[in-house]
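One structure is given below, encoded as structure tokens.
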Amino acid sequence: MLLETLDLRTNDILIYSQNQFNFNENFRIIYKNERIKRPHRITYFDVCNYVKDPTPKNLIIYRLLTNVNNLDAYSTKYGYFIKINGKMELVYFDPIFAIKDLRHLRFDLDPERFRFKIQQAGLTSLTKKEVEPNFAEVYSFDLRAVEAQNQNDKIFADAIFAFDTNFIDEEIKLEMEDKLESKERTKRNIPFAEAVLKPFAKMENIAEDHTTGKVGFSTVSAPGHEKVNDLREEIIGLLKQALGIQESASVHKIKQEDSESDSLNIQKQLHDDAGKGYGVTLLDLFKSTNKSDDLSLREKKLVVLKFDG
485 MLLETLDLRT NDILIYSQNQ FNFNENFRII YKNERIKRPH RITYFDVCNY
535 VKDPTPKNLI IYRLLTNVNN LDAYSTKYGY FIKINGKMEL VYFDPIFAIK
585 DLRHLRFDLD PERFRFKIQQ AGLTSLTKKE VEPNFAEVYS FDLRAVEAQN
635 QNDKIFADAI FAFDTNFIDE EIKLEMEDKL ESKERTKRNI PFAEAVLKPF
685 AKMENIAEDH TTGKVGFSTV SAPGHEKVND LREEIIGLLK QALGIQESAS
735 VHKIKQEDSE SDSLNIQKQL HDDAGKGYGV TLLDLFKSTN KSDDLSLREK
785 KLVVLKFDG
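If you read the sequence shown in our numbering, its first letter stands for residue 485, the second for the next number, and so on.
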């Protein structure tokens, strides 16, 4: 995933993930207004709070489509519900979260006949005036098998900060800190990791199915708006319990300021200020004619995945 807030005046942030099935180490946050910008660790649960916050933002997420009708969204463990074009939808922050969730989503189908698609979708906030954001879909396309296996959305952050002389990439340092992680924390996470890493299918077993004829694909059926919040809190609570995380654990807060501008006005301001040192933004990466043409071709290409072995 990649999350980019669109408030230039205060606490502007960028979050990216690296397609690792790890709730503590997969995500990084960059505070754009820091004098020296660098990635910091952020947990899955803090990311959920940023996604749910109504601050205008751009977002890259992943959706799962299968040839199984009426998959039960209530059985999800690693998905998250957001509103896209006014309709609640189950999405994933990384392809690996979607794959790991397949062992929990309730359906009855022979694995050899099971087919699925993982789509990358680019979203942008429609308005700031609701309790939580309503996103518009800017683009979406099917991932190839090699992309689902190796997708790392750090590439978007690298592109956005490529010419920012005040950005320091400290991933090597962070990896060294991971190795020095306390034994108590490691011990706490082992039982849950051992349980969930016995997958329904492994990422390396994903292959493209070039023989599939006309197959209907559908997203997981999401509950209504009134039930989503309780379900999200229940899922997050169960994950925290499994990971041994106390409910009182601190979370990142997003500073909010009163504003009557919606996200479209903010994006216009962002575009107007692009030459004043604010740097490239997520949607700028897709604006050139060549890239837009390539994206249109990708959106038309059908890629069906299966489990091989």
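Where a beta carbon is used, it is the ideal one built from N, C-alpha and C, also for glycine.
Item: Hey, could you find the ends of the beta strand (DSSP E) tyrosine 623 is sitting in?; Value: 618 to 626
Item: How is the alpha helix (DSSP H) around tyrosine 534 delimited, first residue to last?; Value: 528 to 536
Item: Hey, quick one: how far does the alpha helix (DSSP H) through alanine 632 stretch, first residue to last?; Value: 629 to 634
Item: Which of the three DSSP states, helix, strand or coil, is assigned to histidine 524?; Value: strand
Item: Using 8 Å as the Cβ pair cut-off and three pairs as the minimum, do the stretch 534 to 541 and the stretch 687 to 696 touch?; Value: no
Item: Please list the terminal residues of the continuous alpha helix (DSSP H) segment that includes lysine 638.; Value: 638 to 644
Item: Three-state secondary structure (DSSP) at aspartate 585?; Value: helix
Item: Can you determine whether any heavy atom of the ligand FAD sits closer than 7 Å to the C-beta of asparagine 650, and answer yes or no?; Value: In the structure on display, the ligand FAD does not appear, and there are no ligands present to speak of.
Item: Please name the residue, chosen from Asn495, Arg493, His709 and Tyr500, that lies closest to alanine 643 on a Cα-to-Cα basis.; Value: Tyr500
Item: Can you find at least 3 beta carbon pairs, one from the stretch 550 to 559 and one from the stretch 517 to 533, that sit closer than 8 Å?; Value: no
Item: Are the CB atoms of lysine 601 and leucine 549 within a distance shorter than 8 Å?; Value: yes
Item: Hey, could you find the ends of the beta strand (DSSP E) phenylalanine 600 is sitting in?; Value: 600 to 609
Item: May I ask you to report which of helix, strand or coil DSSP gives arginine 597?; Value: coil
Item: Leaving out five residues on either side along the sequence, give the residues of the same chain with a beta carbon under 6 Å from the beta carbon of phenylalanine 581.; Value: Tyr562
Item: Distance check for alanine 620 and arginine 519, CA to CA, integer angstroms please.; Value: 32 Å
Item: Using three-state DSSP, classify leucine 490 as helix, strand or coil.; Value: coil
Item: Would you kindly work out how many angstroms separate the C-alpha atoms of lysine 568 and proline 523, rounded to a whole number?; Value: Note that residue 568 is isoleucine in the sequence shown here, rather than lysine. Their backbone Cα atoms lie some 28 Å apart in a straight line.
Item: In three-state DSSP terms, what is tyrosine 515?; Value: strand
Item: Less than 8 Å between C-beta atoms, sequence neighbours within five positions excluded: which residues of the same chain meet that for tyrosine 515?; Value: Asn495, Asp496, Ile497, Lys521 and His524
Item: Would you mind giving the Cβ-Cβ distance between tyrosine 564 and cysteine 532, rounded to the nearest angstrom? I have them listed as a contact below 8 Å.; Value: 6 Å
Item: Report the three-state DSSP secondary structure of asparagine 689 (helix, strand or coil).; Value: helix
Item: Might you give, ordered along the chain, the residues of its own chain that have their beta carbon closer than 6 Å to the beta carbon of leucine 610, omitting 5 neighbours on each side?; Value: Asn618 and Ala620
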